[in-house]
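Please read the structure below before turning to the comments.
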Amino acid sequence: MTQLLLETGIKIAIILGGMMTAAAYFVLLERRMAAWVQDRIGPNRVGIPGTKVRLFGLGQPLADGIKFILKENYTPAHVNHALYAIAPVVILTAALTTFVVIPMGSLIPHFKVGVPQVGVVDSGHNVEMIAAPGIDVGLILIFALSSIAVYGVILGGWSSNNKYSFLGGLRSSAQLIAYELPLSLGILGVVLAAGSLDIDTITKAQAVQGWYGILQPLGFIVFLIAAFAEASRLPFDLPEAEQELIGGYHTEYAGMKLLLFLVAEFLHMIAASFLIVQLFLGGWHLPFITGDLDNEKITWFTAALRIGVLQAKIFGVIVFFMLVRWSWPRFRFDQLMSLAWKIMLPLGILNLVAVAVVQEFTKPETLNGKVIAIAVGWIVLVAGWLCMALSNPLVTDNRPRRDLSLAEVDAQI
Amino acid sequence: MKPDDPNITWIEEPKLGLAGMLYLPLFVQGLTTTFKHMAKSLGGGVVTVSYPDEEPKIGNPLIYRGVHRLNKDEQGRVKCVACFLCATACPAHCIDIIAAESPWPDREKYPQSFVIDELRCIYCGMCEEACPVDAVELTSLYNLTGRSREEMMFDKEKLLSVYDATKDKEPMKSPALGGTAT
Chain A
1 MTQLLLETGI
11 KIAIILGGMM
21 TAAAYFVLLE
31 RRMAAWVQDR
41 IGPNRVGIPG
51 TKVRLFGLGQ
61 PLADGIKFIL
71 KENYTPAHVN
81 HALYAIAPVV
91 ILTAALTTFV
101 VIPMGSLIPH
111 FKVGVPQVGV
121 VDSGHNVEMI
131 AAPGIDVGLI
141 LIFALSSIAV
151 YGVILGGWSS
161 NNKYSFLGGL
171 RSSAQLIAYE
181 LPLSLGILGV
191 VLAAGSLDID
201 TITKAQAVQG
211 WYGILQPLGF
221 IVFLIAAFAE
231 ASRLPFDLPE
241 AEQELIGGYH
251 TEYAGMKLLL
261 FLVAEFLHMI
271 AASFLIVQLF
281 LGGWHLPFIT
291 GDLDNEKITW
301 FTAALRIGVL
311 QAKIFGVIVF
321 FMLVRWSWPR
331 FRFDQLMSLA
341 WKIMLPLGIL
351 NLVAVAVVQE
361 FTKPETLNGK
371 VIAIAVGWIV
381 LVAGWLCMAL
391 SNPLVTDNRP
401 RRDLSLAEVD
411 AQI
Chain B
1 MKPDDPNITW
11 IEEPKLGLAG
21 MLYLPLFVQG
31 LTTTFKHMAK
41 SLGGGVVTVS
51 YPDEEPKIGN
61 PLIYRGVHRL
71 NKDEQGRVKC
81 VACFLCATAC
91 PAHCIDIIAA
101 ESPWPDREKY
111 PQSFVIDELR
121 CIYCGMCEEA
131 CPVDAVELTS
141 LYNLTGRSRE
151 EMMFDKEKLL
161 SVYDATKDKE
171 PMKSPALGGT
181 AT
C-alpha cells in the first residue's frame, strides 16, 4: 500500500511538474518557430539572470512566469465574481487531469520504492508509467474531461460580462461540441480494431497489427483535424480570433488567471499530441528497436528507449502543430461548421464502417490480413476524399445570394 | 445598400481548381513555403538584426531621414541665412529661429539662435527640401535618445556639432552649393 501511494505520488509529481514545464517551454518553442518562419530571430536574450549567459533564450519561460505572477490580480467590477474565479480553475483542472490516463512511456522493470519491511521478501514489480494504471476506460475519461474543459470556456466567457468574451465563449463551445463527434469517430475505428479503450493496450495492439495511422489513414486524418479544432489551434482558433474578438473568452482576465487559461491551452495541445501518437502513430513502438512485447522481459535499456521514442514522436507532432499555424489562414465560422458536419462526420462514419468490415472478415495479425486492411484503408481514404472534395467544395463566398429577390430572402429569414 | 441594387458591380470569384477542391495539394504547398522559410532562418538567413549588439545597415544614408544637422561652408561659418523657409515649411512647427544682422559681408542675415525640437519633429524632411542654401539636412543617425525634454531641444551649437560628426560619412547634398552628392 505504501509502495503504491508513494509510486502514484511520484508519478503525479513528475507528470504535474513535467507538463507545466513542457507547456512553458513549448511557448518559447512556439515563439522561436514563429520567428523562424517569418525570417526573424525570435526571443533569444533571456538566459541566467544577473549574468551575460544567454543560453539561446532558455530563461524566457521563467521570466514570463515571474511577470505573470507579479502582475496585479485585477478583477473588473462588472464580472460575476464566483464564476469568474472558478473558470480558469475548471479549465486547468480538466486539462491536467487528462494526463492521468495517458501513459508517458511503457514500463519500468522490477523496481522497489518504499520502506523495506523486515521478513518480507519483495522484489518489487514492474512500474507502469501511467498515473492511474489499470483504468480500462481511459479514452472515455479523456472525452469526459475535455467536455468539462468546455465549461471553463463558457464560464469564463459568460462571467466576464463582456460581449467579446461572451461571443468568444459561445463560438468556442459550438466549435468544441461540433468537433467532439469527428474526434470520437476517429477514435472509434481504433477502439474497434484494438478491442480496448485502454491506451496502453491500444499501443500494444499497434505493435502487433501495425500502426493505425497506416491501417486507417482516413480515421487518422479525421482525428488529426478534429484534434486541431479541439485544441483551438490555427486554423481553428476562432474562439480567440484577435482581429474579431480581442482576446476571446479570456479578454477580461489578467495575471495568474490569464496564465492558467494559456497554460491549459498548451496542455490541450500536448494532450492532443499524446493521443495522436499513441492512438495512430504507434506510441512507444518502433519496429525492431523497442524490444519484446512481453512485460517480463523488459530491461532498463528498452524502457528508456521506449520513453525516448514516444517523446520524440510527440515532439515531432507538436512541431507539426506549430508549422501548420503559420501555413494556413483561419477558417470562417460557417466554413468551420460545414467542415465538421458535412465533411468530417461522413468521412468518420465511412472509416468506421470500413474498419468494421475489415475486422469482421480478416485476421489482423496475419500478413494477409494486414495487407487487406491497409489496402482497404487507403482505398477508402482516396475514394472518400475525392467524393467529399468534388461534391462539397469549400465555400468561400459569403455574400448575399443574387438569385433570390429580397422578398424571398425575407421569407427565408 | 441592398443586394439587388443596380449600382453594385458583382465580381465572380475565380473557380476552385482540382487542387483547391482536394485541399491537400494546396496544404502541402503552404507547408513547403513555411518549411523553406524556417530552413532559411535556421541557416542564418534572417532579415532582422540583434540591434544593440549589431548595428543595422541603412540602405542609403543620403536619403535616410534621421537627426538634423546645420551645414557649414568652406570657412566654417554656418550656412544658414535665416530666411525662415524651413520654419514655414515645417508641418510640426518644431523649428525656432531668431535672426540677426550678419557679421559677414556676403549675406544680410544669419541665425542668432536656431533650435529644433527633436521630440516634436516628425522627420518628414520638408525643411531640407525648403532650404535654398542647403543649410539644414537630415542625417542617417537614428539612435536619438535623451534623458529630458530640454536635452532634446537641439540648438545651433549642437546641430553644428552633428555636422562635424557626420560630414565625412555624409557629404553635403547639392553639388551646386559645394556638396558632392546628388
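So the protein lines, in turn, are chains A and B. One point on numbering: in this note's numbering, the residue at position 335 of the first sequence is 335, and numbering is uninterrupted. One point on numbering: in this note's numbering, the residue at position 80 of the second sequence is 80, and numbering is uninterrupted. Beta carbons are placed, not taken as given, at the ideal position from N, Cα and C, and that holds for glycine. Note that the coordinates shown come from a computational prediction; the quantities given were computed from them, not determined experimentally.
Answer yes or no: does any C-beta atom of chain A fall closer than 9 Å to that of residue i?
i      : result
A181/B : Model confidence at A181/B stands at a pLDDT of 49, short of 50, so the residue's coordinates are unreliable; what they give is reported in the following sentence. It does not; no Cβ of chain A falls within 9 Å.
G146/B : no
G185/B : Since the first and last residues shown for chain B are 1 and 182, residue 185/B lies out of range.
T33/B  : yes
G66/B  : no
G30/B  : yes
F27/B  : yes
Quick check on residue i: does DSSP put it in helix, strand or coil?
i      : result
Y253/A : coil
K71/A  : coil
Y25/A  : helix
A89/B  : helix
L177/B : Unreliable placement is indicated for L177/B, whose pLDDT of 47 sits below 50; no coordinate value is reported for it.
F331/A : coil
N161/A : coil
M129/A : coil
I289/A : coil
K52/A  : coil
K297/A : helix
Q112/B : strand
K167/B : coil
M153/B : strand
R306/A : helix
I11/B  : coil
P88/A  : helix
E365/A : coil
V78/B  : strand
K370/A : helix
P109/A : strand
According to the neighbour-count rule (16 or more other Cβ atoms, all chains shown, within 10 Å of its Cβ), is residue i buried or exposed?
i      : result
M1/A   : exposed
R54/A  : exposed
L119/B : exposed
T180/B : With a pLDDT of only 49 at T180/B, under 50, the local geometry of the prediction cannot be trusted, and no value is derived from it.
W211/A : buried
M10/B  : Sequence check: residue 10/B is Trp here, not Met. Counting Cβ neighbours within 10 Å, W10/B comes out exposed, since fewer than 16 surround it.
M1/B   : exposed
C86/B  : buried
N351/A : buried
H268/A : buried
Q243/A : exposed
S50/B  : exposed
G67/A  : Looking at the sequence itself, residue 67/A is Lys, so the reference to Gly does not match. Exposed, by the Cβ-count rule.
Q197/B : Nothing can be reported for residue 197/B, as the shown portion of chain B is limited to 1 through 182.
R149/B : exposed
D237/A : buried
T98/A  : buried
Between residue i and chain B, is any beta-carbon pair separated by less than 9 Å?
i      : result
V324/A : yes
A340/A : no
S160/A : no
M344/A : no
L336/A : no
A227/A : no
L218/A : no
S173/A : no
S327/A : yes
L197/A : no
A193/A : no
(request) Check whether the region 154-167 of chain A touches the region 248-267 of chain A, counting contact only when three or more Cβ pairs, one atom from each stretch, lie closer than 8 Å. (result) yes
(message) Counting only Cβ-Cβ distances shorter than 8 Å, please list the residues of the region 8-20 of chain B near chain A, keeping chain order.
(response) W10, E13, L16 and G20
(message) Against chain B, which members of the region 38-59 of chain A pass a CB distance test of less than 9 Å?
(response) Q38, D39, R40, I41, G42, N44 and R45
(request) Count the C-beta pairs between the region 179-190 of chain A and the region 205-224 of chain A that are closer than 8 Å, then say yes if the count reaches three, no if not. (result) yes
(request) Tell me, please, whether the region 98-106 of chain A touches the region 195-203 of chain A by the rule of three or more beta-carbon pairs shorter than 8 Å. (result) yes
(request) Report the residues of the region 365-385 of chain A with a CB closer than 9 Å to any CB of chain B, ordered along the chain. (result) W385
(request) Compile a chain-ordered list of the residues in the region 34-51 of chain B whose CB is closer than 9 Å to at least one CB of chain A. (result) T34, F35, H37, M38, A39, K40, S41, L42, G45, V46, V47, T48, V49 and S50
(message) Which residues of the region 268-294 of chain A have a Cβ closer than 8 Å to any Cβ of chain D? Give them in chain order.
(response) Going by chain labels, chain D is absent from the structure shown, which instead holds the protein chains A and B.
(request) Report yes or no: do the region 166-183 of chain A and the region 141-150 of chain A share at least 3 C-beta pairs separated by less than 8 Å? (result) yes
(request) Report yes or no: do the region 30-45 of chain B and the region 318-328 of chain A share at least 3 C-beta pairs separated by less than 8 Å? (result) yes
(message) Whether or not the region 136-143 of chain B and the region 62-72 of chain B are in contact is what I'm after, with contact meaning three or more pairs of Cβ atoms, one per stretch, closer than 8 Å; do they touch?
(response) yes
(request) Could you run through the region 13-38 of chain A and flag, in chain order, every residue whose CB is less than 8 Å away from some CB of chain B? (result) M33, A35, W36, V37 and Q38
(request) Mind the definition here: the region 297-310 of chain A touches the region 327-344 of chain A only if three or more C-beta pairs lie below 8 Å; say whether that holds. (result) no
(request) Anything in the region 90-116 of chain B with a Cβ closer than 8 Å to a Cβ of chain A? List those residues in chain order, please. (result) none
(request) Please list the residues of the region 138-164 of chain B that have a C-beta atom closer than 8 Å to any C-beta atom in chain A, keeping them in chain order. (result) none
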